[in-house]
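Residue numbers (the UniProt record's numbering): 1 to 322. Have a look at the structure below before the remarks.
Right, here's the structure in full:
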């Protein structure tokens with residue numbers, strides 16, 4: 001590894017602290033899935049630094065509540081809601097059409113589904129791979145011209161942030177059947193494949209757009225209790241060691257605001273100006289994964305340039321970009 005990129009922040013730094021002293025006036029950011037969880041805290045921190053933040057989500061009632069909450073402390077335009085269903089390619093295209101050519105400075109692909117029963121998107125993809133990766137892949141490509149315009153307007157690179165997870169250790173991409181059409185479905189393997197894809201997307205996007213003014217990085221936010229666990233019964237969370245027998249959350253889990261800090265650092269950190277293709281965690285470049293620390297680090301398959309190119313070609317075909 002080249003000299004590792006770090007920051008003054010750490011594992012439990014609140015997102016507000018990451019943007020303290022940062023002026024995002026005149027900047028526009030889109031955060032997907034920002035109506036709840038770490039997404040709303042990511043949006044809140046950016047809005048408190050002066051950015052105009054677009055909450056791109058699929059539930060207008062939750063979106064409206066998030067906008068109202070963020071607006072209480074925003075310093076500038078605040079937040080607004082835009083409808084976006086990442087499990088529906090038509091919804092993604094409609095969102096991009098509405099956006100048009102307006103400059104965009106930050107795109108944070110935060111939304112996700114985790115460990116759900118076998119289900120399919122409107123376009124027939126397996127739900128986790130289709131929503132977490134393919135939906136964001138199409139969104140990022142359709143908004144790439146807006147990110148390029150944002151870089152020209154600001155005179156500095158725009159940033160794309162792709163939320164991955166330590167869950168990527170559970171699976172590389174299954175090139176023979178990524179959508180579970182012929183093989184048996186396993187929810188955690190599926191989640192791992194999708195999170196590997198999120199990291200590889202950052203590698204591929206940065207390679208293609210770094211010379212056009214856009215840098216992309218992947219982020220591991222950490223363990224946080226949010227609506228992401230909606231498909232996991234309490235007993236399963238206890239078996240995983242996330243929740244103790246008395247119902248309390250085990251040590252090491254972050255609050256949603258702490259969980260948003262690495263996404264926010266990826267969006268604004270001066271250490272990452274023009275830097276991309278990395279996997280970040282705890283407000284620093286992740287170190288290689290080891291068996292001694294199984295819940296931290298990054299495995300080689302999630303940063304492999306050849307796999308990133310292969311996934312890019314597959315994804316272009318799948319979502320109809322070719």
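Even glycine gets a Cβ: it sits at the ideal position worked out from N, Cα and C.
field: Three-state secondary structure assigned by DSSP to residue 68
entry: helix
- prompt: Using a Cβ-Cβ distance under 8 Å, would residue 293 count as near chain B?
  reply: Reference to chain B is not applicable here, since this structure consists of a single protein chain.
field: Opening and closing residue of the beta strand (DSSP E) in which residue 214 lies
entry: 214-220
- prompt: Which same chain residues, not among the five before or five after residue 216, have their C-beta less than 6 Å away from its C-beta?
  reply: If you ignore the 5 residues before and after residue 216, its C-beta comes within less than 6 Å of the C-beta of 160, 202, 205, 206, 276, all in its own chain and listed in chain order.
- prompt: Which of the three DSSP states, helix, strand or coil, is assigned to residue 288?
  reply: strand
task: Rounded to whole angstroms, what's the CA-CA distance from residue 126 to residue 178? Just pull it up for me.
output: Taken atom to atom, the span from the alpha-carbon of residue 126 to that of residue 178 is near 8 Å.
query: What's the call for residue 313, buried or exposed, on a 16-neighbour Cβ count within 10 Å?
result: exposed
query: Given that a residue counts as buried once 16 or more other Cβ atoms are within 10 Å of its Cβ, and exposed if not, what is residue 282?
result: buried
query: How close, in whole Å, do the beta carbons of residue 38 and residue 284 come, if the pair is a contact with beta carbons under 8 Å?
result: Actually they do not touch by this definition, with Cβ atoms about 17 Å apart.
Top-ranked residue by Cα proximity to residue 137, from 60, 96, 76: 96
- request: Could you please give the first and the last residue of the uninterrupted beta strand (DSSP E) stretch that includes residue 162?
  value: 158-163
- request: Spell out the partners DSSP gives residue 268 in its beta bridges.
  value: Its beta-bridge partners do not exist; DSSP assigns none.
message: Using a 10 Å radius around the Cβ and a threshold of 16 neighbouring Cβ atoms, would you call residue 306 buried or exposed?
response: exposed
message: Can you tell me which residues form a DSSP beta bridge with residue 126?
response: Paired residue(s): 120.
In DSSP terms, what residue 31 is bridged to: For residue 31, which the question treats as bridged, DSSP gives the partners 55, 108.
field: DSSP state of residue 80 mapped onto helix, strand, coil
entry: strand
query: residue 73: buried (16+ other C-beta within 10 angstroms of its C-beta) or exposed?
result: Residue 73 is exposed by the Cβ-count criterion.
query: In whole angstroms, what is the alpha-carbon distance linking residue 189 and residue 195?
result: 10 Å
message: Residues in the same chain with beta-carbon distance under 6 Å from residue 11, minus the five sequence neighbours each way, listed in chain order, please.
response: 282
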